[in-house]
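According to the working numbering, the stretch in the sequence shown is residues 1 to 240, in order.
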Amino acid sequence: VNGNGYGFYNSSYGENPDQVYAIGLCRGDVTVDNCRGCLSNATQRLTQDCPNQKEAFGVIEQCTLRYSNRSIYGAMETFPALMWYNPQNVTSDVDGFFQELKTLLEDLRGQAAGNGSLRKFAAETATAINFQTIYGLAQCTPDLTEQVCSDCLGSSLADIPKYFQGMQGAVISKPSCNVSMRPIASLTLQLSDHCRLLRRHCLVLLPCQPVQEDRRVTDLRLSSLLLCQLLFMLYSSAFV
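Set out below in structure tokens:
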């Protein structure tokens, strides 16, 4: 298991065709203890809910965990996208609010992508015209290049006006990057309708990607034992 000391872990286990790869990423603003607890929870949930899937992507508020039977290190993945939103709408100067938000998130996008290979994370606050203090966050898995990280975050920023126009806060979590914006005074978030439409991707905030059934390759499904061994190794490395 490779851990970079900044909440990013990657590993592989087994041999082809029964090889599994895993990546774990903790949010850049959480403590070491919270990172460990989140990865522990994610490991337990993925082994319970997705024991025989070839690919799975799990999201908890403070971390993400994914595994696959293909190499995923250094490769951008933007699907599935899990989205949460603040149910309260902006009540005044919506255009001013979103202009301030756009400026904040574009700045964070550049900062996060431009950081080094250990930690691609940035977070700042800004005061909107309606005097709300907005907390913004942008993060990529640090195995991505600067341009690829910027592209991933850009895809999430493009989702905001599509799904969250007029809303006070949102979180968009993708396998390779995360974007968050929320008022400091209100951190209540719930699953978006867009996410609910993808129910098979949004199972208890830890969705399993669907496996395309193929009778000729059913033996390529990951065994529960193999998966448990890899995820246990990944989780254990967080305590080193």
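For every residue, glycine included, the Cβ atom is placed at its ideal position computed from N, Cα and C.
Minimum C-alpha distance to Y67 - residue among W84, D49 and V32
When W84, D49 and V32 are compared, the shortest CA-CA separation from Y67 is found for D49.
To the nearest angstrom, how far is the alpha carbon of Q168 from that of S156?
Those two C-alpha atoms are separated by around 16 Å.
Taking contact to mean at least 3 C-beta pairs separated by less than 8 Å, is the segment 21-35 in contact with the segment 58-73?
Flag = yes, the segment 21-35 and the segment 58-73 touch.
Sorted by chain position, which residues of the same chain lie with C-beta nearer than 6 Å to P161's C-beta, five sequence neighbours on each side aside?
If you ignore the 5 residues before and after P161, its C-beta comes within less than 6 Å of no other C-beta in its own chain.
In whole angstroms, what is the alpha-carbon distance linking R27 and C63?
Their backbone Cα atoms lie some 6 Å apart in a straight line.
Is it buried or exposed for V59, if we count other Cβ within 10 angstroms and need 16 for buried?
V59 is classed as buried because its beta carbon has at least 16 other beta carbons within 10 Å across all chains shown.
Using a Cβ-Cβ cut-off of 7 Å (strictly less than) and excluding sequence neighbours within five positions of F8, which residues of its own chain qualify?
Taken in chain order, the residues that qualify are L25, T141 and P142.
Residue ranges of each alpha helix (DSSP H) within the segment 122-172, 4 or longer
With a minimum length of 4 residues, the continuous alpha helix (DSSP H) runs that stay inside the segment 122-172 are 146-163.
Counted within 10 angstroms of its Cβ, other Cβ atoms place F79 as buried (16 or more) or exposed
If you draw a 10 Å sphere on the C-beta of F79, you find fewer than 16 other C-beta atoms in it, and that means exposed.
For Q132, does the count of other Cβ atoms within 10 angstroms reach 16, so buried, or fall short, so exposed?
Buried is the label assigned to Q132, since at least 16 other Cβ atoms lie within 10 Å of its Cβ.
Which full runs of the beta strand (DSSP E) of 3+ residues lie inside the segment 11-48, going along the chain?
Every beta strand (DSSP E) of 3 residues or more that sits fully in the segment 11-48 is shown, in chain order, as 20-26.
Which of the three DSSP states is assigned to R119 in this structure?
Residue state for R119 is assigned as coil, using DSSP reduced to three classes.
Range of the contiguous alpha helix (DSSP H) that encloses V94:
Looking at the DSSP string, the run of the alpha helix (DSSP H) that includes V94 is V94 to G114.
Distance check for C177 and C195, CA to CA, integer angstroms please.
With a pLDDT of 45 at C195, under the threshold of 50, the modelled position of this residue cannot be trusted; read the value that follows with caution. Rounded to whole angstroms, the separation of the alpha carbons of C177 and C195 is 17 Å.
Check whether L108 and G136 have beta carbons under 8 Å apart
Between L108 and G136, the CB-CB gap stays under 8 Å.
Alpha-carbon to alpha-carbon, T91 and F57:
If you take the alpha carbons of F57 and T91, they lie about 35 Å apart.
For G147 and N16, I'd like the C-alpha separation in whole angstroms.
Strictly speaking, residue 147 in this sequence is Gln, with Gly absent from that position. Cα to Cα, Q147 sits roughly 31 Å from N16.
Given this structure, state the Cα-to-Cα distance separating E61 from D29, to the nearest angstrom.
If you take the alpha carbons of E61 and D29, they lie about 11 Å apart.
N- and C-terminal bounds of the beta strand (DSSP E) containing R285:
Past the edges of the chain, shown from 1 to 240, lies residue 285, and the structure says nothing about it.
Residue closest to R182, alpha-carbon to alpha-carbon, out of A158, V32 and T127
The shortest C-alpha separation from R182 is found at T127.
Can you give me the Cβ contacts of T159 inside the same chain, cut-off strictly under 6 Å, excluding the 5 residues immediately before and after it?
First, the amino acid is wrong: residue 159 is Asp here, not Thr. If you ignore the 5 residues before and after D159, its C-beta comes within less than 6 Å of the C-beta of I172, all in its own chain and listed in chain order.
So, N89 versus G166, is the Cβ gap smaller than 8 Å?
Yes. Within cutoff.
Would you mind stating whether Y77 and K174 have Cβ atoms separated by less than 8 Å?
Before going on, a small fix: residue 77 reads as Glu here, not Tyr. Yes.
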